[in-house]
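Chains A and B are the protein sequences, given in the same order. So for the first sequence, this note's numbering puts the first residue at 24; every next one is plus one. So for the second sequence, this note's numbering puts the first residue at 7; every next one is plus one. In this text, a Cβ means the ideal position worked out from N, Cα and C, and glycines have one as well.
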Amino acid sequence: MCAVGLSKFSFSRTFKAPVFQQAMSMDHDRALVIIRLNGGNDGLNTVIPVDQYENLLIQRPDILIPQSDLLPLAGYNLALHPKMTGMQQLFNNGELSIIQNVGAEAGRSHFRATEVWLSGIGDQTHPESETGWLGRVLDVEYPGFPMDYPNANETDPFAITFSTTPSGTCEGHEGNFAHPVLNPYDTSNISGGTTPGTPNSYAADHLEYLQFLGEQTNEYNGRISDAVNLGNSLSTNYGTDNVSLAMQNVAKLISGGLQSKIYVVEVGGFDTHSNQVDATDVIEGNHANLWEKISTAVSAFQEDLHLLNLNERVMGMTFSEFGRQIAQNGSRGTDHGDAACMFLFGSCVNEQVIGNNPIIDDFITNANGLDQEIDYRDVYSTLLKDWFGLSNPDIEQNFEDYGINYLNLLDPCIYVGTPDIPKEQLNAKVYPNPSTGTSYLEINLPEGPADFIMVDLKGRLIGQFRRTIPYSGEHHLTLPVEQLDSGTYFLRIRSNDFDRKVRFSIRK
Amino acid sequence: MRSILSVILLAIATLSYSQTPPSNYSMSPYSGPWTGEEAGHLLRRTLFGPTRPQILNSIAIGMDSTVEQLLVATPWTDFPLVYQDVDSNAAIGTSWVSATYPPTNKGGVNNTRLRSLAAWKMKKMMEETSTIAQKMDVFWHNHFAVSQPSDARTFYDYFELIRSHTLGNFKTLVKEMTIQPAMLQFLNGEDNVSNDPNENYSRELLELYSIGKGIEIATGDYSRYTEQDVTEGARILTGYSNVGIRSETIADPYSVFDPVKHDNTPKTLSYHFGGATIMPNGITEYEDYIDTIFAQPDFASFICESIYHFFVSNDITPTVQNQVISEMANTLVSNNFEIRPVMLQLLKSQHFYDVALRGCLLKSPMDFLFSIYNSIEAQVNFNQVSDYKILYKIHYDARQFGMNILEPPSVAGWPAYYQAPAFSRYWLSAVYLQKRYAMIDAKILGNGYNADGNVFEIDGVSLLNTLTNPYDANAVLDDLFEIFLSIDVSQSDRTMLLDILTDGLPIFEWTVLYNDYLLDPVTYGVDINNQITNTIAAIFKLYIFQTL
Numbered sequence: 024m025c026a027v028g029l030s031k032f033s034f035s036r037t038f039k040a041p042v043f044q045q046a047m048s049m050d051h052d053r054a055l056v057i058i059r060l061n062g063g064n065d066g067l068n069t070v071i072p073v074d075q076y077e078n079l080l081i082q083r084p085d086i087l088i089p090q091s092d093l094l095p096l097a098g099y100n101l102a103l104h105p106k107m108t109g110m111q112q113l114f115n116n117g118e119l120s121i122i123q124n125v126g127a128e129a130g131r132s133h134f135r136a137t138e139v140w141l142s143g144i145g146d147q148t149h150p151e152s153e154t155g156w157l158g159r160v161l162d163v164e165y166p167g168f169p170m171d172y173p174n175a176n177e178t179d180p181f182a183i184t185f186s187t188t189p190s191g192t193c194e195g196h197e198g199n200f201a202h203p204v205l206n207p208y209d210t211s212n213i214s215g216g217t218t219p220g221t222p223n224s225y226a227a228d229h230l231e232y233l234q235f236l237g238e239q240t241n242e243y244n245g246r247i248s249d250a251v252n253l254g255n256s257l258s259t260n261y262g263t264d265n266v267s268l269a270m271q272n273v274a275k276l277i278s279g280g281l282q283s284k285i286y287v288v289e290v291g292g293f294d295t296h297s298n299q300v301d302a303t304d305v306i307e308g309n310h311a312n313l314w315e316k317i318s319t320a321v322s323a324f325q326e327d328l329h330l331l332n333l334n335e336r337v338m339g340m341t342f343s344e345f346g347r348q349i350a351q352n353g354s355r356g357t358d359h360g361d362a363a364c365m366f367l368f369g370s371c372v373n374e375q376v377i378g379n380n381p382i383i384d385d386f387i388t389n390a391n392g393l394d395q396e397i398d399y400r401d402v403y404s405t406l407l408k409d410w411f412g413l414s415n416p417d418i419e420q421n422f423e424d425y426g427i428n429y430l431n432l433l434d435p436c437i438y439v440g441t442p443d444i445p446k447e448q449l450n451a452k453v454y455p456n457p458s459t460g461t462s463y464l465e466i467n468l469p470e471g472p473a474d475f476i477m478v479d480l481k482g483r484l485i486g487q488f489r490r491t492i493p494y495s496g497e498h499h500l501t502l503p504v505e506q507l508d509s510g511t512y513f514l515r516i517r518s519n520d521f522d523r524k525v526r527f528s529i530r531k
Numbered sequence: 007m008r009s010i011l012s013v014i015l016l017a018i019a020t021l022s023y024s025q026t027p028p029s030n031y032s033m034s035p036y037s038g039p040w041t042g043e044e045a046g047h048l049l050r051r052t053l054f055g056p057t058r059p060q061i062l063n064s065i066a067i068g069m070d071s072t073v074e075q076l077l078v079a080t081p082w083t084d085f086p087l088v089y090q091d092v093d094s095n096a097a098i099g100t101s102w103v104s105a106t107y108p109p110t111n112k113g114g115v116n117n118t119r120l121r122s123l124a125a126w127k128m129k130k131m132m133e134e135t136s137t138i139a140q141k142m143d144v145f146w147h148n149h150f151a152v153s154q155p156s157d158a159r160t161f162y163d164y165f166e167l168i169r170s171h172t173l174g175n176f177k178t179l180v181k182e183m184t185i186q187p188a189m190l191q192f193l194n195g196e197d198n199v200s201n202d203p204n205e206n207y208s209r210e211l212l213e214l215y216s217i218g219k220g221i222e223i224a225t226g227d228y229s230r231y232t233e234q235d236v237t238e239g240a241r242i243l244t245g246y247s248n249v250g251i252r253s254e255t256i257a258d259p260y261s262v263f264d265p266v267k268h269d270n271t272p273k274t275l276s277y278h279f280g281g282a283t284i285m286p287n288g289i290t291e292y293e294d295y296i297d298t299i300f301a302q303p304d305f306a307s308f309i310c311e312s313i314y315h316f317f318v319s320n321d322i323t324p325t326v327q328n329q330v331i332s333e334m335a336n337t338l339v340s341n342n343f344e345i346r347p348v349m350l351q352l353l354k355s356q357h358f359y360d361v362a363l364r365g366c367l368l369k370s371p372m373d374f375l376f377s378i379y380n381s382i383e384a385q386v387n388f389n390q391v392s393d394y395k396i397l398y399k400i401h402y403d404a405r406q407f408g409m410n411i412l413e414p415p416s417v418a419g420w421p422a423y424y425q426a427p428a429f430s431r432y433w434l435s436a437v438y439l440q441k442r443y444a445m446i447d448a449k450i451l452g453n454g455y456n457a458d459g460n461v462f463e464i465d466g467v468s469l470l471n472t473l474t475n476p477y478d479a480n481a482v483l484d485d486l487f488e489i490f491l492s493i494d495v496s497q498s499d500r501t502m503l504l505d506i507l508t509d510g511l512p513i514f515e516w517t518v519l520y521n522d523y524l525l526d527p528v529t530y531g532v533d534i535n536n537q538i539t540n541t542i543a544a545i546f547k548l549y550i551f552q553t554l
C-alpha cells in the first residue's frame, strides 16, 4: 500500500523513505529508569513535611509516624519514612531529588489518572491520549515502528518493562516501544505459522501483529540474553525481592551493552485504603514494606552504577497516579487524593528539593488532597530536554502545546549533543490540529528551496514536494489533506539549513 | 510580515489502513447460512472451546435453538472440596464452604481453601461445557473484580451470587453485591462508618459497577456523576459490616447493618441525578440509591459496552454505538435490567454473525487452555485429591498467562476487557506469548499435568478415532481445523501441518499407518499418537489458534 499518483510531483530520488533517517537525538547512550508506584502513593507518609507535623497529627492521628523515628533531611524541614535509609543516604550524597506536590489534575480514578500520567495528555478526547509520553517521542524518532524494527541500526528494544505487559508510557501510535521481560536469563523462541487471514480484517490485523511480535520477541530476546550474560553487577546490597531483582537486571543489561533508553519497573500495592500501617506499630505495615524494598533497591542500584562507572549515563524517576488524602480514613489507611512527591535519582540530579512544603490545615476538610504545585508534564518535559536532548518545539508538540515550565532538575549534566538546527526559529505548526478538513501550516521560512514530506505513522510516504520560498518570513500554507483518512501524520520541512518535523492529526 | 501563500504542497494518495468494519449493524435476527463457520463462531464466543459434536449438533438444530440452549445457567449442586491436609475443621474430601476456622493457622487454612476454590472453578470450567454460564460468570467476575478475601467462604458465596444472577437481573445483582461480605471487605465497605466515611466502594459503584465513568467535562464531573455523588454515596452506604470472618463458631459469614454506624441524614446527589435527595432509610437506603442510579436515562450504555467488548469486539465505533449498543441498552431497560434478553438479542443478531467479526478477539488464558482441553472432551478423573492437584496446576498456568481467577489485577478487572487501544492484545504480550508456548511444550508435547503419578494429558488417538475419516490425512486436518480454528488456515501452514502429521512421508503412508494401528494398536499406537499429538501441538502454536 504505497503512495500512488505521485508521478507529477516526483522530483528527486534523494527523498526515499525512510525520510527521518537522521534522528535528531536519543542516539546517545543515556538511559532513564522509571519506577511506577501502582495504586497511588501516600506522599505524606513517604516525605514528611516536619514543619507541618502538629497539624498532620490532627489529620492522621492513627497512622502518623512519631517524629523521632523519621529520617531527617539535613537543611530541609523534611524527613523520610524510617524505612528509607538507603534513599536518605542518596539524598545526603546529592543523588536524590524530591519534587514536591506534583499533580496531573486527573481526578481520583486509578484508571483515568494512570492514563493521564502515562500519556502526558489530560484531554481524554484528544486523539493522542491513547499514546504514551515517551512513545510519542520515540514515534517521531523511529517512524515505521514497529514493523521496521529491529533492524541493522537499531538492534535493541527501545524500552524494557519488567512486567508481563509493556508499559503504557511507551505506547506509540502503531505499537508499544517497550519489550516486556520477566527474567532476562530465561527467554524462549516463538514461531506461529504464516496464516495471514482475510486481508484487512480485524483477525488479519491481529495475525500480522502476532507474527511480527513473535519475530521481534525472538530478536530482542537474543540481544537481552547476550547483554545480561555479558553484563555485570558489583553491589552486594540489593535485596532479594522483585524490585531489587529488576534494578539489578537493569544494571547488568546496561553494563552488558544493551542500548535500551528506557527501563520501567512496576511496583504494585500502593492503594493503601486499609492497613497502610500496622495496628501495633505505625513504622511497620504495607506502605513501610514497599518503601523499604524500593529504597534498598534504588540505593544498591546507584552504588552499582558507580562501581560499574555508569552513573553518569543513568537517571531514575518515580511516579504514581495520585497521592492520597491528607486525613486518614477509619481503616488505618488513606483514600485517593491529589498531588504527591516524586523522586529523581542519579549522579546528575541538581537540587535536592524542588517545590515547597505543603501546608497542612489544623482542621479536617473532608476528602481534601494536596494542592498541585508542579505540573507532572514539567518534570517529563525537563527530562526530555535536559536528559535526552530534545528541542523545545518538539517537547511542546509532544505535550500538545502545553505551556511548559522547565525545572532545574539536572544542571550538572544537561545533554549537549550535536548543535541542533534552530527549530525554534521556524516556529512551525499545523492548525487547526486536529483538523476535520482543511489544515494549514504556519511557518517562518527563509528564502530559497524547501522540501515538504508527509508520511504516516508507519513511515509510509504520503507525498512530497519542493517549493521555492520567494521571501523570508512567516508563511501560511494550505495542506490539502481532505482526502486523508483520520489518523496521525508527520510533515517534515527541510532544506540544507533547517529540518523540522511537525505532527498533526486528522479527525473525521 | 504576514502573508497567505496557498500552494498545493503534497499529492495525496488516499490510503486506507483501517480494517474493514462490519457491514451489518442490524440487531434483527440473523437468517443467513448456518454452517460450521457460523455455529463455530457462536460456540467459541459463548463456551470455552466447543467440541466437534457440539458444532455438528448446532448445525443440525439451527441458530435459534442453539442460542436458547446456550442461555441457561443452573445453580451448582456440588461444592469445592478440601484436598490438602491442613484444615483441621474440614477433612479431605469434604466441603469447607460452611466449615468454621480452627483456632490456629487460620491463614494457612484459608490458603488451602482458596486453592481448593481455584481448582474447583477449573473443574466447573471443564464440566459445564454446554451453556454460556461459565463465560457469563467470568464476565461478571471481571465486572465486579473482587480479589481473594481473608475468608475463602465469602469468596465462594461471591461466586455463587454471580451464578444466581448470571443471566438474571443486573439491578438485583448490583444490590446484592453491594452488601456481599467479600465485596464489603474488598472495597472497605465494612470500614465505611458515619463519622469516618470510606469512599472506596462508593466510587467503584459508580465508575465500574453500574453507570460507568464518562468523560470529565468539568473538574470532578464525569458526565454521568460527580465527586459529590462519590462523597454522598459513601455516606449512603455507611453502616454495613461483616460478621463471622474466619470465625471459629460461625459457619457462614454474613453482613449486618448497624444503624449506629449509618449516617442518618439526607444526602443530596448531583444534577446528573436531578439533584435528588436520598432520605434516611436505614437498612435499605442503599437500595434507594441504586434505584436512583439505575433510573438515569444514560444508564444502560456502559454495561452494554462491556458486554459487547467481552462477547463481540473491541472496536466500538460510532456506528456500533448508535445502532448496536443503543439497541442493547433499550432492550436492557425495557426488560427491567434482565440480562438474558440482551444476550438473546445479541447472539441472534445479524450483526453478531457479520463475517468481519470472525476471529476479531484474541483468546483469554481461559479460552486458550480450555479450547484445548474442552474441545477434545478431556476430563480430569483420577481421584479427588489428585484431580484437585492437577486442576490447581491448570489454574496456575492460567495465572502465569495473566488470568488469576483468585486475583484480578485491579478493581477494574483484566485490562484486556477494557483498556483501549490494545484490549485483547494484553493477553499476548511478548512474555505471555512465550509462556503459552512453554505450556504447549511442557503439557502437550511433554509429560502433561502430573499428580501422585496420575498424568493428565491429551489423548490424541481417542480424538483421532472420533473424526470423520481418520484414514485420510487431509480429512483429519480439515476436522482439526473445524474444531480448533476460528478462521481458515493458509496453504503454507496446512502444508507444514500435513508434514508433521505424516512425519514427512508421502500422504498415503498415513493411511497405511492408521490401518496398521487398527490391526496392531500396541505396536503402532505410539507412532500414531506421537504424530497426531505433534500435529495438535503445532496447531496450538499457530497464531490463528490465538484468535477467537
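Residue-level contact by beta carbon fails for A:T511 and chain B, as no gap is shorter than 8 Å.
Rounded to whole angstroms, B:P59 and B:T541 show a C-alpha spacing of 21 Å.
Contact check between the region 216 to 230 of chain A and the region 181 to 196 of chain A: fewer than three CB pairs, one atom from each, fall below 8 Å, which does not count as touching. Linking A:G158 to A:G198 through their CA atoms gives a straight-line distance of about 9 Å. Contact between the region 85 to 94 of chain A and the region 372 to 379 of chain A is not established, with fewer than three Cβ pairs separated by less than 8 Å.
Taking 8 Å as the cut-off, the beta carbon of A:E447 is found no closer than this to the beta carbon of A:N421. Counting along the chain, A:Q487 sits inside the beta strand (DSSP E) bounded by residues 484 to 492.
Going by beta carbons, B:D157 and B:N116 fall inside the 8 Å limit. Under the 8 Å Cβ criterion, the region 450 to 468 of chain A counts as touching the region 501 to 512 of chain A, having at least three qualifying pairs. In the DSSP assignment, A:F200 is bridged to no other residue.
In the structure shown, A:K531 falls within a coil segment according to DSSP collapsed to helix, strand and coil. Contact between the region 158 to 165 of chain B and the region 428 to 444 of chain B is absent: fewer than three C-beta pairs spanning the two stretches fall below 8 Å. Contact check for B:D202 and B:T172: beta-carbon distance about 35 Å, past the 8 Å limit, so the pair fails to qualify.
If you look at B:P347, you'll find it isn't in any beta strand (DSSP E); it sits in the alpha helix (DSSP H) that goes 345 to 354. Take B:K130, set aside five residues on each side of it, and the residues of its chain with a beta-carbon closer than 8 Å to its own are W82, Q140, in chain order.
Chain order gives the chain A residues near B:R431 as H229, Y232, where near means a beta carbon separation below 8 Å. Taking A:A102 as the centre and dropping the five residues before and after it, the same chain places the C-beta of I71, V73, L93, L94, P95, L96 closer than 7 Å to its C-beta, in chain order. Remark: C-beta atoms of B:I538 and B:V467 approach each other more closely than 8 Å. At the C-beta level, A:L161 and A:T187 stay beyond 8 Å of one another.
Annotation note: the region 49 to 128 of chain B contains the following uninterrupted alpha helix (DSSP H) runs of length 4 or greater, listed N- to C-terminal: 58 to 76. For the pair A:Q234 and B:I296, the Cα-to-Cα distance works out to about 47 Å. Bounds of the alpha helix (DSSP H) holding A:A323 are 309 to 330.
Residue environment: B:R241 is assigned as buried (16 or more neighbouring CB atoms within 10 Å of its CB, all protein chains considered). If the five residues before and after A:G130 are omitted, its C-beta is found closer than 7 Å to the C-beta atoms of A136, all from its own chain and listed in chain order. Think of a sphere of 8 Å around the beta carbon of A:R135: the chain B residues whose beta carbon falls inside it are K219, E222, in chain order. Here B:Y260 is bridged, per DSSP, to B:V249. C-alpha of A:Q487 to C-alpha of A:M477: approximately 6 Å in a straight line. The shortest C-alpha to C-alpha distance from A:G353 to any of B:K267, B:A257, B:Y164, B:I185 is the one to B:K267.
Contact between the region 202 to 220 of chain B and the region 316 to 327 of chain B is absent, with fewer than three C-beta pairs closer than 8 Å. Distance from the CA atom of A:L507 to the CA atom of B:Q327, rounded to whole angstroms, is 24 Å. Membership of A:K452 in the beta strand (DSSP E) is indicated by the continuous run 452 to 454.
In the DSSP assignment, A:G353 falls outside any beta strand (DSSP E) and carries neither an H nor an E.
With contacts defined by Cβ atoms closer than 8 Å, A:M365 and A:I144 do not form a contacting pair.
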